[in-house]
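The structure appears below as structure tokens.
There are 2 protein chains.
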Amino acid sequence: MSYIIGVDLGGTYIKAGSVSKDGTLLNQTSVPSNGEIGPDAVVAQIAKAVDTIRQKHGGEELLGVGIGSPGMVDLDGGTVKYPPNFAGWKVFRLGDEVAKKIGVRVEVENDANAAAVGEQKFGAGRGFNNFIMVTLGTGVGGGFIVDGKVFRGESGGAGEIGHITINYDGPLCGCGNRGCVEAYVGQKYLSRRVAEQLKSRPDSLINKLIGGNPENLEPKIISQAADQGDAFALEVWKETGRYVGAAVAAAFNLFDVGVLIIGGGVANAGKPLFDSIEETVKGRVLSPIRPRVKILKAQLENSAGIVGAAALIA
Amino acid sequence: MSYIIGVDLGGTYIKAGSVSKDGTLLNQTSVPSNGEIGPDAVVAQIAKAVDTIRQKHGGEELLGVGIGSPGMVDLDGGTVKYPPNFAGWKVFRLGDEVAKKIGVRVEVENDANAAAVGEQKFGAGRGFNNFIMVTLGTGVGGGFIVDGKVFRGESGGAGEIGHITINYDGPLCGCGNRGCVEAYVGQKYLSRRVAEQLKSRPDSLINKLIGGNPENLEPKIISQAADQGDAFALEVWKETGRYVGAAVAAAFNLFDVGVLIIGGGVANAGKPLFDSIEETVKGRVLSPIRPRVKILKAQLENSAGIVGAAALIA
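Protein chains in written order, with the numbering used here: chain X, 1293 to 1606; chain F, 1293 to 1606.
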């Protein structure tokens, strides 16, 4: 049987896995990224991970290797530009260099875009030619599918929905801008705001779940409390949904699209968050878009990085 | 000499003009739109205007007719959907109907998109494959050029930059959403805010220019006062630039583009407004886009409607 290898290039680890042509994850491995040594070391580690997977497949045909990478990606040569968390990387033809080393077809895309392609081919995006994928995690990532293809913009940097301003006077964001949606719902900012609000909500179950230590606060805890009906936790997801919804409505109005797929850890908040996003988006988009609004949960979940990267080849 | 006819379909008047292949406006005419009678009456009026222009060109070759229309436009059949200010219009194959009547090639586009195409072919957008055109007038219109073509989205409604939320908790906009940039800088909202602020600025020259009557307040007056160094008027443009800049930065981050062309009456505010927009955008966009930021004034000005429509054929 033929297979694809998907590579999820992270700041600390490289995860690689074999994926069937219908998107099933078969085998996987992980190696340190070695990003601090430089791009050549990363290429060597990718080759090593690919080799490990290849051995498990004996003589089966490897159709190609897809790589989801942080940073801006230029399709010409699979060039990765200034990836965050890779000191001294600058501009590097990652795709060409990996292809030289392993002798098969290699495609590289930005990781958020690869996740969107994964959902399009194997997940919640099947059947939609136009949708926005938002990943709610440490940051707020975006991948836009327009006319069935990744919308890349002038230089591959398009889709930065995390840096839509939802309040021109809002809190400072890590990007230098003010009031970006990421500065409201990115994991660090979300936890900080909730910790602050918790002070006036001593009755909330969250206090018990974190053992009184705000350092333990994370989205999973808020969800646990919400699942048990904690009023404050439910309010947190409602408020979070309002922020996300305002940014998504702006993006829907600009792109004339109505389908949103939500992935990332925070998406596990489920119904309280999704209902609030849907209500907000429907209340805010222009009327011709309203009947097309659909808010869906990403389906690839934990394997999104590897399967999304593999989808670049499929 | 061959020529094109551009038709600017407005709610009250149809303006039509002949345009040379290099974008020079040659002859023009105007007739009532008759929109209240229905789409067939509008087609008859367009044909009449085209006929008037044609007669002025004797035997010269008419290359085609471009129409800039309000509402969403579907390229299939030049279909115009639910144009504002045309009661009972709904969905109508305007392009096909006009072509049947006049026997030449007809292209229809949304008016904001046509204005962007006009700037691309004959104005400030020459040499740029990717830019955003924003029209600051009664409303805030947008036309996005991506890879040299109009970005239309799923159904021709893309580019609604006026309805980016710049404050999720902001004032109500005519579209039903809150805190849209149009609800800050659309002419009516702008005048209302300035009238309110004027109460505490009795020293402003604007008071004198409007003869004490807030009904007389319009952007042209604010510009007159600013030109004479009125401190409050300069603050108004600075504030307006901050609102526009926040929305433009969000659009730049989503589309990975750095060139903005500003048209419409409010663009005549000139340097105080443009400087504030540029400063705001540069402070807000993601760093890879910053070096590409260019804020330009539209060049077609008063003839933008006709020449932009003609550019659909050129």
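Glycine is no exception: its CB is placed at the ideal position from the N, C-alpha and C atoms.
Quick check: is the beta carbon of residue i nearer than 7 angstroms to any beta carbon in chain F?
i: X:Glu-1401; result: no
i: X:Asn-1459; result: yes
i: X:Glu-1446; result: yes
i: X:Ala-1339; result: no
i: X:Gly-1449; result: yes
i: X:Asn-1560; result: no
i: X:His-1455; result: yes
i: X:Glu-1353; result: no
i: X:Pro-1580; result: yes
i: X:Glu-1452; result: yes
i: X:Arg-1485; result: no
What residue range does the alpha helix (DSSP H) around residue i cover?
i: F:Val-1486; result: 1479-1490
i: X:Val-1409; result: 1403-1414
i: F:Ile-1456; result: Note, F:Ile-1456: premise wrong, no alpha helix (DSSP H); not H, not E.
i: X:Asn-1265; result: The requested residue 1265 of chain X does not occur in the structure, where chain X is confined to residues 1293 to 1606.
Which residues bound the beta strand (DSSP E) around residue i?
i: X:Gly-1396; result: Reading the sequence as shown, one finds Val at residue 1396 of chain X and not Gly. From DSSP, X:Val-1396 is part of no beta strand (DSSP E); its letter is neither H nor E.
i: F:Lys-1373; result: 1371-1373
i: X:Leu-1354; result: 1354-1361
i: F:Leu-1424; result: Residue identity differs from the one stated: residue 1424 of chain F is Ile in this sequence, not Leu. Residues 1423-1428.
i: F:Ile-1437; result: 1432-1438
i: X:Asp-1519; result: Run containing X:Asp-1519: none in the beta strand (DSSP E); it sits in the alpha helix (DSSP H), 1511-1519.
i: F:Val-1365; result: 1364-1366
i: F:Val-1383; result: 1383-1385
Would you say residue i reaches chain X, if we count a Cβ-Cβ gap shorter than 7 angstroms as a contact?
i: F:Pro-1583; result: no
i: F:Ile-1306; result: no
i: F:Glu-1269; result: With chain F covering only 1293 through 1606, there is no way to say anything about residue 1269 of chain F.
i: F:Asn-1405; result: no
i: F:Lys-1465; result: First, the amino acid is wrong: residue 1465 of chain F is Cys here, not Lys. F:Cys-1465 does not count as touching chain X.
i: F:Arg-1617; result: Because chain F spans 1293 through 1606 in this model, residue 1617 of chain F falls outside it and cannot be assessed.
i: F:Asn-1469; result: yes
Residues of the stretch 1519-1551 of chain X with Cβ closer than 8 angstroms to any Cβ of chain F, in chain order: Arg-1534, Tyr-1535, Ala-1538, Ala-1539, Ala-1541, Ala-1542, Ala-1543, Asn-1545, Leu-1546, Phe-1547, Asp-1548, Val-1549, Gly-1550
Inter-stretch contact (C-beta, 8 angstroms, three-pair minimum) for the stretch 1478-1490 of chain X and the stretch 1479-1492 of chain F: no
Complete beta strand (DSSP E) runs within the stretch 1300-1352 of chain X (minimum length 3 residues, chain order): 1305-1311, 1317-1324
Contact set between the stretch 1487-1515 of chain F and chain X, restricted to residues whose Cβ is under 9 angstroms from the partner: none
Complete alpha helix (DSSP H) runs within the stretch 1540-1606 of chain X (minimum length 4 residues, chain order): 1563-1576, 1596-1603
Members of the stretch 1419-1447 of chain X that neighbour chain F once the beta carbon cut-off is set at 9 angstroms: Asn-1421, Asn-1422, Gly-1434, Phe-1436, Val-1438, Asp-1439, Phe-1443, Arg-1444, Gly-1445, Glu-1446, Ser-1447
Against chain F: residues of the stretch 1317-1335 of chain X by CB proximity under 8 angstroms: none
Touch test, the stretch 1557-1573 of chain X against the stretch 1507-1515 of chain X, Cβ-Cβ under 8 angstroms, three pairs minimum: yes
Meets three-Cβ-pair contact criterion under 8 angstroms: the stretch 1536-1549 of chain X and the stretch 1448-1467 of chain X: yes
The stretch 1591-1606 of chain X in contact with the stretch 1352-1366 of chain X per 3-pair CB rule at 8 angstroms: yes
Three or more C-beta pairs below 8 angstroms linking the stretch 1334-1341 of chain X and the stretch 1306-1323 of chain X: yes
Residues of the stretch 1372-1386 of chain F with Cβ closer than 8 angstroms to any Cβ of chain X, in chain order: Lys-1373, Tyr-1374
Validate contact between the stretch 1405-1415 of chain X and the stretch 1591-1601 of chain X using beta carbons, cut 8 angstroms, 3 pairs: yes
Where the stretch 1354-1365 of chain X meets chain F: residues whose CB sits under 9 angstroms from a CB there: Met-1364
Stretch pair the stretch 1565-1574 of chain X + the stretch 1431-1446 of chain X: three plus CB contacts closer than 8 angstroms: no
Given 8 angstroms, three or more beta-carbon pairs between the stretch 1389-1408 of chain F and the stretch 1580-1589 of chain F: no
Segment contact flag, the stretch 1296-1313 of chain F with the stretch 1371-1378 of chain X, C-beta cutoff 8 angstroms, min 3 pairs: no
Given 8 angstroms, three or more beta-carbon pairs between the stretch 1590-1598 of chain X and the stretch 1568-1582 of chain F: no
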